[in-house]
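Each residue of the sequence shown is one higher than the one before, counting from 0 in numbering that gives the first Met the number 0. No residue lacks a Cβ here, since even glycine has one placed at the ideal position from N, Cα and C.
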Amino acid sequence: MKVCTDACLFGAWIAKHTSLERAHSIIDIGTGTGLLSLMLAQVTETSKSVITGIEIESEAAAEAKSNFNISKWNSRLLLVNDSIQNFTANNNLLFDIVISNPPFYEGDLKSPDANKNKAAHSTHLPWSSLVVSVASLLKNKGSFFVLVPTLRAYTMQKLAEKYQLHLAEEVLIYNDAKHLPFRSFLHFIKLNPSIDKEISVLRNKIVIRNEDNTYS
């Protein structure tokens, strides 16, 4: 199972949130090989959260399903090989938490591999469609955790606000102290503006490497 540093950090960051202690239902949009779902299954043993991974690309979905089946949490891990748009249209349940490490490369040169294109390019999952689905799937006061390029974090924030998803926390990820941040971890909370109070935004940062190039 291929992993990358920012995805591992993202999963660990989500895992520390107290909202997981109360979560009974979690959706992982674009689960890939299932890494984030498995990380959250491990830290929700007390609450016994049921985690549903949604993956449009068939090969990745098959690998995620295999990874789920051989894990000790297999009874709480579900895999749906479909688009989040189709899943949302046919779903009548609400969820406590939605997480996503969505496609980044809208407009970039595509791979000749059609499966990689599905997984890595946002033409198959525009952020507008992602946010609409998240807003439809989340309970009021539910949490949406998403990993985005820092240069596009503001775009995600303004888009989310249109659907009553309000930014609660942003963590900037730096490779090292000499460079600008390259990823942002965003935590949104779904609020009803007529009854819920506004929330302040917590801002933090993570620097992956020290000056001597060791991990921090």
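Checklist entry - To the nearest angstrom, how far is it from the Cα of Gly-106 to the Cα of Thr-45? => result Here Gly-106 scores only 44 on pLDDT, less than 50, and its place in the model should not be relied on; the value that follows carries that caveat. About 43 Å.
Checklist entry - Given that a residue counts as buried once 16 or more other Cβ atoms are within 10 Å of its Cβ, and exposed if not, what is Lys-189? => result buried
Checklist entry - Would DSSP call Glu-210 helix, strand or coil? => result coil
Item to check | Close Cβ partners of Val-49 (< 6 Å) along its chain, the five nearest in sequence each way excluded | outcome: Cβ neighbours of Val-49 beyond the five flanking positions: Ser-24 and Arg-75.
Checklist entry - Ordered along the chain, which non-local residues of its own chain (more than five positions away) have a Cβ less than 6 Å from that of Asp-175? => result Arg-208
Next on the checklist: I'd like the span of the beta strand (DSSP E) that includes Ala-40, first residue to last.
Outcome noted: Ala-40: not part of any beta strand (DSSP E); member of the alpha helix (DSSP H) spanning 34 to 42, first to last residue.
Checklist entry - Measuring CB to CB, does Ile-194 end up less than 8 Å from Ile-98? => result no
Item to check | Host alpha helix (DSSP H) of Tyr-153 (start-end) | outcome: 152 to 160
Next on the checklist: Determine whether the beta carbon atoms of Gly-240 and Gly-33 lie at a separation below 8 Å.
Outcome noted: The shown model of the chain, from 0 to 215, leaves out residue 240, and the question about it has no answer.
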